[in-house]
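Every letter in the sequence shown is one number past the one before it in our numbering, and letter 45, counting from 1, is 400.
No residue lacks a Cβ here, since even glycine has one placed at the ideal position from N, Cα and C.
Quantities reported herein were computed from a predicted structural model and do not represent experimental measurements.
Structure record follows, encoded as structure tokens.
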Amino acid sequence: MAWTWITLVAVVLACLLWTWLKKRTQRNLPPGPKSLPIIGHLHMLGKNPHQDLQKLAEKHGPIMSMRFGFVPNIIVSSPDAAKQFLKTHDLIFASRPSLEAAKHISYEQRNLSFSTYGPYWRNMRKLCTLKLLSNLKINSFRAMREKEVGALVIILEHAAQEHAAVDISTKITSMTSDISCQMVFGKKFEDMEFDERGFKGVIHEGMIIAVAFNLGDYFPYIGALDLQGLTRKMKAIAKVWDQFLEKIVDEHDQPKEYGQTKDFVDTMLGILKSGNSEFEFDRTHVKAILMDMFAASADTSSTTIEWTLSELLRHPRVMKKVQQELEEVVGLDKMVKESDLESLEYLNMVVKEAMRLHPVAPLLLPHLSVEDCMVEGFFIPKNSRVVVNVYAIGRDPKVWTDAEKFLPERFLGNNIDLRGRDFELLPFGSGRRGCPGMQLGLTMVRLVVAQLLHCFNWDLPNGMQLSELDMTEEFGILVGRATHLIAIPTCRLKT
């Protein structure tokens, strides 16, 4: 009798196993490396996940299935695959996963970057695109941007006179932060106006916490236990930011002087007071968008500028060619204006090439599948996180000749653009979730790079050889240089 029960159980288990295997085979998940129990593939990610995923994709394919903890992930690493997820099936993958940092720091994901896809996000995106990031609004700050870049030039002129080395990373970051503050909040901020840690200190601390490995992002329900203490830290940073933003909003509630340029706070408060918004809109939404706009505009531009200048220092031939173009288009008797930028074709190639090799968000922000889907014959389950590795796409030897080399001339005579229409080059993403601040970011990068090359020649300090310039990456919310960029300026202009 016992053997009968054992046989029956064995048959049932075999049937269940066969059904599970058949279902899995029918679903045909994308290929991927073998995983470990519980942790999945987390052990395969090191300090630079975008590089690790690139190497894995070379072995397992451009659409790769991985599991990080209990969370299924689809890693996308080729232009054709990216097109499927960001264009063909864009609507299915237009949402965002619920991440611990986004919940606690971004007002329960009310901001534009991390909000889940739906009516609220669509209306907020439309509002931001029309009211905050339109060409008209961007151009209204043109004089201010040129003034701040001019102020940086004056500082560098003093350094040039003394033949002193300059920490370019610090100078650029400070300048872009000041520009972003003025566009978003209406003024610059001294460190102590913000918090005893300083304005930039709080921002830096928030970014470190946001990218820290968080168990709650990979093992649902563990996040509530806060075993790492990260939730407590995130809530503390969020409280500091909220107090700061409340103060800013209160100040902007006061009447402004006639003719004064409206910053982003003024615009958002005008929408709030008008009551014309198509969705529920209160001060919390205003603060979430303001935080988003500042975070997205400051460090992204400065990081791209750093990488572009780093590559130009390593390639004097390219730097000289940009300077020759500037001399022809602008002339050595005046500084670069934003109106000159569209005429600087080679400079634009240089910026494209820098963004190809050094996308500041190499994995973009994660997408979330809202339903089951078939892509390229593979089954993509609902609630999978989709990660587009634009770093791997930009260095794919099947797409780019001499993919690891810095060669701006590769864009000569072709129409590959970086605005999301060509999937070989996606620094700003594509589709519904493409970066709405792309035009502002490109304007900032091109203006600063053009001005610094037009006004100065640049040399590495202490007799450093070109091959000795450290190009190590540091992974975070953005991927920047691991070490600061230091160089010596020499004046070029005749003024």
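- Per the DSSP secondary-structure output, residue 418 pairs in a beta bridge with 431.
- For residue 645, the secondary structure class from DSSP, reduced to helix, strand or coil, is helix.
- Within the segment 769–846, the complete alpha helix (DSSP H) runs of at least 4 residues fall at 793–810.
- Pairwise C-beta distances place the segment 658–670 in contact with the segment 803–821, as three or more of them are shorter than 8 angstroms.
- When only Cα atoms are considered, residue 839 and residue 523 end up about 7 angstroms apart.
- Taken through DSSP and simplified to helix, strand or coil, residue 390 comes out as coil.
- Secondary structure at residue 722: strand, using DSSP grouped into helix, strand and coil.
- At the C-beta level, residue 538 and residue 506 stay beyond 9 angstroms of one another.
- Within the same chain, and ignoring the five residues on either side of residue 620 in sequence, the residues whose Cβ sits closer than 8 angstroms to its Cβ are 539, 540, 541, 603, 604, 607, 641, 645.
- In the three-state reduction of the DSSP assignment, residue 572 falls in the helix class, which pools H, G and I.
- Following the DSSP letters along the chain, one finds residue 674 in no beta strand (DSSP E) but inside the alpha helix (DSSP H) bounded by residues 671–684.
- Closest by C-alpha distance to residue 480, out of 647, 638, 572, 429, is 647.
- In this structure, 809 is the residue among 425, 809, 844 with its C-alpha nearest to the C-alpha of residue 687.
- Residue range 728–730 is occupied by the beta strand (DSSP E) that includes residue 729.
- Measuring C-alpha to C-alpha distances from residue 847 to each of 638, 813, 832, 501 identifies 813 as the nearest.
- According to DSSP, residue pairing for residue 740 in a beta bridge involves 428, 723.
- Under the three-state reduction of DSSP output, residue 440 falls in the helix class.
- The alpha-carbon separation between residue 616 and residue 499 amounts to approximately 10 angstroms.
- CA-CA distance, residue 484 to residue 791, rounds to 6 angstroms.
- In this structure, 596 is the residue among 596, 534, 401 with its C-alpha nearest to the C-alpha of residue 559.
- When Cβ pairs closer than 8 angstroms are counted between the two stretches, the segment 419–437 is seen to touch the segment 387–407, the count reaching three or more.
- When beta bridges are read from the DSSP output, residue 691 appears opposite no residue.
- In this structure, DSSP gives residue 735 an extended state, which the three-state scheme calls strand.
- Rounded to whole angstroms, the Cβ separation of residue 454 and residue 430 is 17 angstroms, and the two are not in contact under 8 angstroms.
- When the Cα atoms are used, residue 494 and residue 623 turn out to be separated by approximately 18 angstroms.
- Scanning its chain for C-beta atoms nearer than 7 angstroms, with the 5 sequence neighbours on each side dropped, one finds around residue 795 the residues 488, 493, 652, in chain order.
- By the criterion of a C-beta distance shorter than 6 angstroms, residue 573 is surrounded in its chain by 423, 424, 426, once the five residues flanking it on both sides are discounted.
- Close CB contacts of residue 472 within its chain, under the 6 angstroms cut and outside five residues either way in sequence, are with 449, 450 (chain order).
- Residue burial is scored here from C-beta neighbours: residue 587 has fewer than 16 other C-beta atoms within 10 angstroms and is therefore classed as exposed.
- Close CB contacts of residue 734 within its chain, under the 6 angstroms cut and outside five residues either way in sequence, are with 382, 383, 384 (chain order).
- Counting only unbroken stretches of 4 or more residues, the alpha helix (DSSP H) elements lying wholly within the segment 469–494 are 474–482, in sequence order.
- DSSP, read as helix, strand or coil, puts residue 450 in strand.
- If you check the CB distance, residue 712 and residue 636 do not come in under 9 angstroms.
- The alpha-carbon separation between residue 705 and residue 683 amounts to approximately 17 angstroms.
- In the three-state DSSP reduction, residue 423 falls in the strand class (E or B).
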